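S.K.:
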Amino acid sequence: MNTDIEIAQQATLKSIDEIAAELKLSKEDWEPYGHTKAKLSDKLLKKLESKPDGKIILVTSINPTPAGEGKSTVTVGLGQALNKIDKKAIIALREPSLGPVMGMKGGAAGGGFSQVLPMEDINLHFTGDLHAITSANNALSAMIDNHIHRGNELNLDPRRIEWKRVMDMNDRALRQIVVGLGGPLRGVPREDGFNITVASEIMAILCLATSLDDLKARIANIVIGYTYEEEPVTVSDLKVEGALTLLLKDAIKPNLVQTIENTPAIIHGGPFANIAHGCNSIMATKTAAKLGDYVVTEAGFGADLGAEKFLDIKSRAGNFETDAVVIVATVRALKMHGGVAKDNLTTENVEALKAGMENLKKHIETIETYGLPFVVAINKFPADTKAETDFIESWCESRGVEVALADIWANGGEGGIQLAEKVIEKAESAERDFKRIYELEDTLEAKIRKIAQTVYGADDIELSPKAKKQMVFYEKQGWGKLPVCMAKTQYSLSDDPSLLGRPEGFTITIREMRPSIGAGFIVVLTGDMMTMPGLPKNPAALKMDVSNDGKILGLF
């Protein structure tokens, strides 16, 4: 059986100008980045604003296992399947981060015969968007420390700097550091730390901005820290929003590529869903909606994280509707939620599968709470047995839940036609009574509690003394009407990654909060959640190499 990269390297790609021509784009609407990649103009969305929107299909999932469950693969396969049945579909995905690529989870370009290509470029440096975000983030850090060193006109308290440096790699050693050591010429010593680039507020801003002007305005509103009198200090106080926006002038442009079956795909932005809002850019999704009859997009990890943030943060900020949802489930993940160890997931075990269905049931209930039509997609893996997939199908059918077996890793779009037909039916005809989990007028505490109880199934929340103090301060600053962005483990509905299935009787611990005023939300850290991941004992990087002729090896 060929690996993902071997399948990708054998594919025949169209030139990017052919893909652009199929979308009826003029030469002013895009610029090539080599033969198979392009940047779309940041003015394109404005140009298309009078066109009707296509249907937006959100792909989410149950809580994944550490290996990932193929949500991006289903997104790509579904888009290809829609085009196979003569529906004009475009895929909108996030950009991968080098941290997980070199670490454990893998890339975000799909898999098998449902991939976006060129997968080597997409999973590595792509068009440089993440590097631009890293540069802008760290330029701001340099400006902050220089300002303090040069006299500190803004009276910034070095003990209350909120802004952290970033890098696009898992590096636990940089979580907490001290900068400015070495004497008066080296700066003012203070505690600092690194987040991973995808947790940067600038990443969130890029994905929620709708134009270059909006990007600059949001950057200006970033709170970098507080004065000695505990007054917020923003980027606009430093007067560097123009310079930071300059570094992002190309990164704000969505990226156009294609799938292995030549379906157009727009890939842009990549915040993690467990520590950020987990969705690709509003500009990418809305542009795809103007160019296609259907947009298939995804939000990171399970419905408790990505889908909640897509529906409560992104669609609210972008002012667009979601027409249908696909909930991806896999036999192996459901067996793990039913108590099977990771090493035994390829052995048939219908009893464990039966126990694990409680996790799927909770995610179904969550999407029903939003009032949106949905289909459960069983993402088929080679080790799945017919008895196991039959059980999931019968479980769904006995509860009136629409379900489809998607064999899209092995068969591409052809393996997703049944899923595509059921999704079309839901998107076109199903009734919807959309309602969000919370209202903006709710207090911060009420918003957090509603998410914890309604989406996670928690009994209640418990705020640390630090979080309580922050909540009072944020409400006083007028930030209480912002949405909340929960940072929580992806592996469990709770904030404890070891509690699989559908845990009951648990409390969500709110450790601390962080203001992302430029992005337009408050980040809420639960449990032991970190914003700088670490590498596993045997990182995926150990299997990667490049041949003398430049051929990439071992990349999934």
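Per the working numbering, the sequence shown starts with residue 119, numbered consecutively.
We treat Cβ as the ideally placed atom computed from N, Cα and C, and that holds for glycine.
Everything numeric in this text was worked out from a predicted model, so none of it was measured.
1. Leaving aside the five residues before and after Val296 along the sequence, list all residues of the same chain whose C-beta is less than 8 Å from its C-beta, in chain order.
2. Report the option in Glu539, Tyr592, Val602 and Ile125 whose CA atom is closest to the CA atom of Arg567.
3. Within the continuous beta strand (DSSP E) that includes Gln686, where are the two ends?
4. Just how far apart, CA to CA, sit Phe674 and Thr363?
5. Tell me whether Val194 is buried or exposed, calling it buried when 16 or more other Cβ atoms sit within 10 Å of its Cβ.
6. Can you say whether Ala383 is buried or exposed, counting buried as having 16 or more other CB atoms within 10 angstroms of its CB?
7. Could you give the C-beta distance for Pro214 and Gly388, rounded to a whole number, given that I count them as a contact under 8 Å?
8. For Thr572, which residues in the same chain have their Cβ closer than 7 Å to its Cβ, ignoring the five residues on either side in sequence?
9. Would you report the Cα separation of Leu333 and Gln198, rounded to the nearest angstrom?
10. So what does DSSP say about Ile400, is it helix, strand or coil?
11. Looking at Leu490: is its Cβ nearer than 8 Å to the Cβ of Thr440?
12. Just the Cα atoms here: how many angstroms apart are Gly533 and Asp502?
13. Quick check on DSSP: helix, strand or coil for Met237?
14. Quickly, what does DSSP pair Phe312 with across the bridge? List them, please.
15. To which residues of the same chain is Ala156 closer than 6 Å at the C-beta, ignoring the five residues directly before and after it?
16. Quick check on DSSP: helix, strand or coil for Phe428?
17. Considering only C-alpha positions, which residue in the set Thr130, Phe244 and Met119 is nearest to Gly152?
18. According to DSSP, is Leu476 part of a helix, a strand, or is it coil?
19. What did DSSP end up calling Pro583 once you bin it into helix, strand or coil?
20. Based on DSSP bridge pairs, tell me the residues matched to Cys603.
21. Any heavy atom of the ligand MN closer than 7 Å to the beta-carbon of Leu617?
22. Have a look at the DSSP bridge pairing and note the partners of Gly229.
23. Would you call Lys655 buried or exposed, if buried means 16 or more other Cβ atoms sit within 10 Å of its Cβ?
24. With H, G and I counted as helix, E and B as strand and the rest as coil, what does DSSP make of Ile337?
25. Taking DSSP's pairing of strands, which residues face Ala383 in a bridge?
26. Excluding the 5 residues preceding and the 5 following Thr649 in the sequence, name in chain order all residues of the same chain whose CB lies nearer than 6 Å to its CB.
27. Does Arg304 pass the burial test, meaning 16 or more other C-beta atoms within 10 Å, or should it be called exposed?
28. Going by alpha carbons, who is nearest to Glu271 out of Ile180, Gly424, Ala637 and Tyr344?
29. Measuring straight from C-alpha to C-alpha, what distance separates Ile251 and Trp281?
30. If you reduce the DSSP assignment to three classes, tell me which class Glu149 lands in.
31. If I measure Cβ to Cβ from Ala585 and keep anything under 7 Å in the same chain, skipping five residues before and after, which residues do I get?
32. Judging by CA-CA distance, which residue of Trp527, Glu187 and Val493 is the nearest neighbour of Thr448?
33. Would Ala528 and Ile203 qualify as a contact pair, given that the criterion is a beta-carbon distance under 8 Å?
34. Under 8 Å by Cβ, that's how I've got Ile378 and Ala129 pegged, so tell me the actual separation to the nearest angstrom.
35. DSSP puts Asn497 in a beta bridge; with which residues?
36. State the DSSP-derived secondary structure class of Ile295, mapped to helix, strand or coil.
M.R.: In terms of the structure at hand:
1. Against the sequence shown, residue 296 aligns to sequence position 178. Same-chain partners within the cutoff: Pro307, Arg308, Glu309 and Asp310.
2. Here residue 567 corresponds to residue number 449 of the sequence shown, with the count starting at 1. It is Val602.
3. Only positions 119 to 674 of the chain appear in the structure, and residue 686 is not among them; the question remains open.
4. Position 556 of the sequence shown, counted from the first residue, corresponds to residue 674. Position 245 of the sequence shown, counted from the first residue, corresponds to residue 363. Whole-angstrom Cα-Cα distance: 35 Å.
5. As a working mapping, residue 194 is identified with position 76 in the sequence shown. Buried.
6. Taking the first residue of the sequence shown as 1, we reach residue 383 at position 265. The residue is buried, with at least 16 neighbouring Cβ atoms inside 10 Å.
7. By one-based count along the sequence shown, residue 214 stands at place 96. By one-based count along the sequence shown, residue 388 stands at place 270. Yes, Pro214 and Gly388 are in contact; Cβ-Cβ is about 6 Å, under 8 Å.
8. The residue labelled residue 572 in the question sits at position 454 within the sequence shown. Cβ neighbours of Thr572 beyond the five flanking positions: Thr487 and Ile555.
9. For the purposes of this step, residue 333 is identified with residue 215 of the sequence shown, where counting begins at 1. For the purposes of this step, residue 198 is identified with residue 80 of the sequence shown, where counting begins at 1. Spanning the two alpha carbons is a distance of roughly 32 Å.
10. Along the sequence shown, one-based indexing puts residue 400 at 282. DSSP places Ile400 in helix when its eight states are reduced to three.
11. The residue labelled residue 490 in the question sits at position 372 within the sequence shown. The residue labelled residue 440 in the question sits at position 322 within the sequence shown. For the pair Leu490 and Thr440, the CB atoms are nearer than the 8 Å cut-off.
12. Here the question's residue 533 lines up with position 415 in the sequence shown. Here the question's residue 502 lines up with position 384 in the sequence shown. So the two alpha carbons sit approximately 15 Å from each other.
13. Position 119 of the sequence shown, counting from 1, holds the residue named residue 237. Reduced to three states, the DSSP call for Met237 is helix.
14. To locate residue 312, count along the sequence shown from 1; it is residue 194. BP columns for Phe312 point to Arg283.
15. Locating residue 156 in the sequence shown gives position 38, where the first residue counts as 1. Within the same chain, Ala156 has close Cβ partners Ile134, Trp148, Pro150 and Leu374.
16. Looking up residue 428 in the sequence shown gives position 310. Helix.
17. As a working mapping, residue 152 is identified with position 34 in the sequence shown. Considering only Thr130, Phe244 and Met119, the residue with the shortest C-alpha distance to Gly152 is Phe244.
18. Along the sequence shown, one-based indexing puts residue 476 at 358. One point to set straight first is that residue 476 is Glu, not Leu, in the sequence displayed. Note: Glu476 maps to helix in three-state DSSP.
19. Sequence index remark: in the sequence shown, residue 583 carries index 465 (1-based). Three-state result, Pro583: helix.
20. Locating residue 603 in the sequence shown gives position 485, counting from the first residue. DSSP lists Val641 as partners of Cys603.
21. Judged by which ligands are present, the structure shown has none, so any question about the ligand MN falls away.
22. In the sequence shown, the residue the question calls residue 229 occupies position 111. Under the DSSP definition of a beta bridge, Gly229 partners with Ser232.
23. On the sequence shown, position 537 is the one that residue 655 refers to. When all chains shown are included, Lys655 counts as exposed.
24. Counted from its first residue, the sequence shown places residue 337 at position 219. Here Ile337 sits in helix by DSSP.
25. Residue mapping note: residue 383 aligns to position 265 of the sequence shown, counting from 1. In the DSSP output, where bridge partners are listed per residue, Ala383 has Ile209 and Val375.
26. Position 531 of the sequence shown, counting from 1, holds the residue named residue 649. So the list reads Asn313, Ala317 and Ile393, once near-sequence residues are dropped.
27. Taking the first residue of the sequence shown as position 1, residue 304 is located at position 186. Arg304 is exposed by the Cβ-count criterion.
28. One-based indexing of the sequence shown puts residue 271 at position 153. Closest by alpha carbon: Tyr344.
29. In the sequence shown, residue 251 corresponds to position 133, counting from 1. In the sequence shown, residue 281 corresponds to position 163, counting from 1. The straight-line gap from Cα to Cα measures roughly 14 Å.
30. Residue numbering aside, residue 149 sits at position 31 when the sequence shown is read from its first letter. Correct three-state label for Glu149: strand.
31. Counting from 1 along the sequence shown, the entry for residue 585 is found at position 467. Ile628, Arg629, Glu630 and Met631.
32. For the purposes of this step, residue 448 is taken as residue 330 along the sequence shown, with counting starting at 1. Closest in alpha carbon position to Thr448, among Trp527, Glu187 and Val493, is Glu187.
33. The residue you call residue 528 lines up with position 410 of the sequence shown. The residue you call residue 203 lines up with position 85 of the sequence shown. In this structure, Ile203 does not lie closer than 8 Å to Ala528 by Cβ.
34. Within the sequence shown, residue 378 is the residue found at index 260, counting from 1. Within the sequence shown, residue 129 is the residue found at index 11, counting from 1. Contact flag correct, Cβ pair sits at about 5 Å.
35. Here residue 497 corresponds to residue number 379 of the sequence shown, with the count starting at 1. According to DSSP, Asn497 bridges with Ala524.
36. The residue labelled residue 295 in the question sits at position 177 within the sequence shown. In the structure shown, Ile295 sits in a strand (DSSP, three-state: E or B).
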